[in-house]
Amino acid sequence: MIKFLKITGIVILVLFVLAGTALGLFVYKVKNGFPVSYETEPAEITIPAEGKKVLLFSKTTGFRHEESIEAGKAKFEELASQEGWFLHNTESAGVFNGDQLAKFDVVIFNNSTGRVLTDEQRVLVQEYVENGGKLIGIHGAGDDSHHWDWYQGKLLGAKFSHHPLDPQLQEAQVMLDDGAESVLAEGLSKGWKHTDEWYIFFENPRASDFDILYTINGDQIIPNGNLLWIKDKNWGMGEDHPVAWSKKVGNGKTFYTSMGHHAAVWEQKAFVDMLVNAVNW
Ligand SMILES: [Zn+2]
Numbered sequence: 001m002i003k004f005l006k007i008t009g010i011v012i013l014v015l016f017v018l019a020g021t022a023l024g025l026f027v028y029k030v031k032n033g034f035p036v037s038y039e040t041e042p043a044e045i046t047i048p049a050e051g052k053k054v055l056l057f058s059k060t061t062g063f064r065h066e067e068s069i070e071a072g073k074a075k076f077e078e079l080a081s082q083e084g085w086f087l088h089n090t091e092s093a094g095v096f097n098g099d100q101l102a103k104f105d106v107v108i109f110n111n112s113t114g115r116v117l118t119d120e121q122r123v124l125v126q127e128y129v130e131n132g133g134k135l136i137g138i139h140g141a142g143d144d145s146h147h148w149d150w151y152q153g154k155l156l157g158a159k160f161s162h163h164p165l166d167p168q169l170q171e172a173q174v175m176l177d178d179g180a181e182s183v184l185a186e187g188l189s190k191g192w193k194h195t196d197e198w199y200i201f202f203e204n205p206r207a208s209d210f211d212i213l214y215t216i217n218g219d220q221i222i223p224n225g226n227l228l229w230i231k232d233k234n235w236g237m238g239e240d241h242p243v244a245w246s247k248k249v250g251n252g253k254t255f256y257t258s259m260g261h262h263a264a265v266w267e268q269k270a271f272v273d274m275l276v277n278a279v280n281w
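In this text, residue positions in the sequence shown follow the numbering used here: the first is 1, and each later residue adds one.
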């Protein structure tokens, strides 16, 4: 009997320690992201001197939107041959070095999530934008897995809270905003019906001096998501719910859209036109 109690006690203790470790790791991951591998060898590419040069970066160490990422790569390959861009389509961060990065006109985080760059590479991206480069983020690039203050402040302007789960994908009317940056908005759709996983942020980036390009009516989506018992939380977004916005940062520019969860968005002309304008802006 005593032996049985001892064994039971040890088993309970072991389970307790395992559960505690798992919880600790989970909390660490939420706060910092797990340690990941970084690439620091320069990319083996020849970047042409002339024409538009686009760096499409799809590395993930957080959630991976596999289908949308692959559809986005295919669409950008198609756009590059159509528009005559030089496209470097990669998931390796080696290209983020002082010499190569500066040669690109635009860097696109294609649903890139988690910690994907070293601290030095992050500083290079900041300097790149401040010196006239352009940074574009698509959907997952705006979730809370990046842990990068500059990126949060200059690209997103708002902290990600959650996304709806019931249902996860919802249709909404996307509307061109009156205050849209005029060059960025040139020739774009005034609005379209769009199905997506609508990200909800704690703040409205309009309040942080971002130029809003597109909004949806946040009161017309069901925001309930992975917030356990907390329901109907649209936080600081409410009716005025931006889904694409831009900012001039130093001599450069940033553009982010929270649209882009699933592969089908890449077949939506208005969505693709918006990204083409963001690249050409
Ligand atoms: Zn998503």
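From the three backbone atoms N, C-alpha and C, an ideal C-beta is built for every residue, glycine too. On a predicted model such as this, the values are computed, not experimentally measured, just so you know.
Element boundaries [alpha helix (DSSP H), containing residue i]
{"i": "residue 73", "result": "66-83"}
{"i": "residue 86", "result": "That residue, residue 86, is in no alpha helix (DSSP H); its beta strand (DSSP E) goes 86-90."}
{"i": "residue 269", "result": "269-280"}
{"i": "residue 99", "result": "98-101"}
Backbone secondary structure at residue i - three-state DSSP
{"i": "residue 172", "result": "strand"}
{"i": "residue 241", "result": "strand"}
{"i": "residue 116", "result": "coil"}
{"i": "residue 7", "result": "helix"}
{"i": "residue 260", "result": "coil"}
{"i": "residue 54", "result": "strand"}
{"i": "residue 106", "result": "strand"}
{"i": "residue 198", "result": "coil"}
{"i": "residue 192", "result": "strand"}
{"i": "residue 212", "result": "strand"}
{"i": "residue 249", "result": "strand"}
{"i": "residue 21", "result": "helix"}
{"i": "residue 179", "result": "coil"}
{"i": "residue 62", "result": "coil"}
{"i": "residue 157", "result": "coil"}
{"i": "residue 288", "result": "Limits of the chain in this structure are 1 at one end and 281 at the other, which puts residue 288 out of reach."}
Distance CB(residue i)-CB(residue j) smaller than 7 Å
{"i": "residue 133", "j": "residue 252", "result": "yes"}
{"i": "residue 71", "j": "residue 245", "result": "no"}
{"i": "residue 38", "j": "residue 155", "result": "no"}
{"i": "residue 198", "j": "residue 221", "result": "yes"}
{"i": "residue 36", "j": "residue 115", "result": "yes"}
{"i": "residue 124", "j": "residue 88", "result": "no"}
{"i": "residue 203", "j": "residue 236", "result": "yes"}
{"i": "residue 195", "j": "residue 213", "result": "no"}
{"i": "residue 119", "j": "residue 188", "result": "no"}
{"i": "residue 226", "j": "residue 184", "result": "no"}
{"i": "residue 69", "j": "residue 58", "result": "yes"}
{"i": "residue 96", "j": "residue 117", "result": "yes"}
{"i": "residue 113", "j": "residue 145", "result": "yes"}
{"i": "residue 159", "j": "residue 176", "result": "no"}
Closest Cα partner of residue i within the set the options
{"i": "residue 157", "options": "127, 184, 124 and 201", "result": "201"}
{"i": "residue 174", "options": "248, 258, 247 and 277", "result": "258"}
{"i": "residue 126", "options": "141, 149 and 203", "result": "149"}
{"i": "residue 250", "options": "281, 275, 128 and 177", "result": "128"}
{"i": "residue 243", "options": "207, 268, 215 and 77", "result": "215"}
{"i": "residue 84", "options": "52, 123 and 241", "result": "52"}
{"i": "residue 66", "options": "278, 279, 102 and 262", "result": "262"}
{"i": "residue 130", "options": "232, 12, 151 and 146", "result": "151"}
{"i": "residue 182", "options": "5, 232, 138 and 280", "result": "280"}
{"i": "residue 43", "options": "207, 226, 101 and 233", "result": "101"}
{"i": "residue 276", "options": "77, 68 and 160", "result": "77"}
{"i": "residue 111", "options": "103, 91, 104 and 105", "result": "91"}
{"i": "residue 109", "options": "15, 82, 3 and 61", "result": "61"}
{"i": "residue 232", "options": "171, 179, 167 and 186", "result": "167"}
{"i": "residue 186", "options": "86, 278 and 6", "result": "278"}
{"i": "residue 248", "options": "82, 269 and 180", "result": "180"}
Residue range of the unbroken beta strand (DSSP E) whose run includes residue i
{"i": "residue 182", "result": "First-last for residue 182: 182-185, but that is the alpha helix (DSSP H), not the beta strand (DSSP E)."}
{"i": "residue 253", "result": "252-257"}
{"i": "residue 135", "result": "134-138"}
{"i": "residue 160", "result": "160-162"}
Below-7 Å beta-carbon distance, residue i vs any chain D residue
{"i": "residue 276", "result": "The structure shown contains no chain D; it holds only a single protein chain."}
8 Å contact criterion, which residue i and residue j should meet: CB distance rounded
{"i": "residue 254", "j": "residue 135", "result": "5 Å"}
{"i": "residue 140", "j": "residue 63", "result": "6 Å"}
{"i": "residue 94", "j": "residue 41", "result": "5 Å"}
{"i": "residue 211", "j": "residue 239", "result": "Not quite, the Cβ-Cβ distance comes to about 19 Å (not below 8 Å), so this is no contact."}
{"i": "residue 241", "j": "residue 217", "result": "7 Å"}
Contact test: residue i Cβ vs ligand 2 heavy atom, cutoff 6 Å
{"i": "residue 70", "result": "What this structure holds is ligand 1, not ligand 2."}
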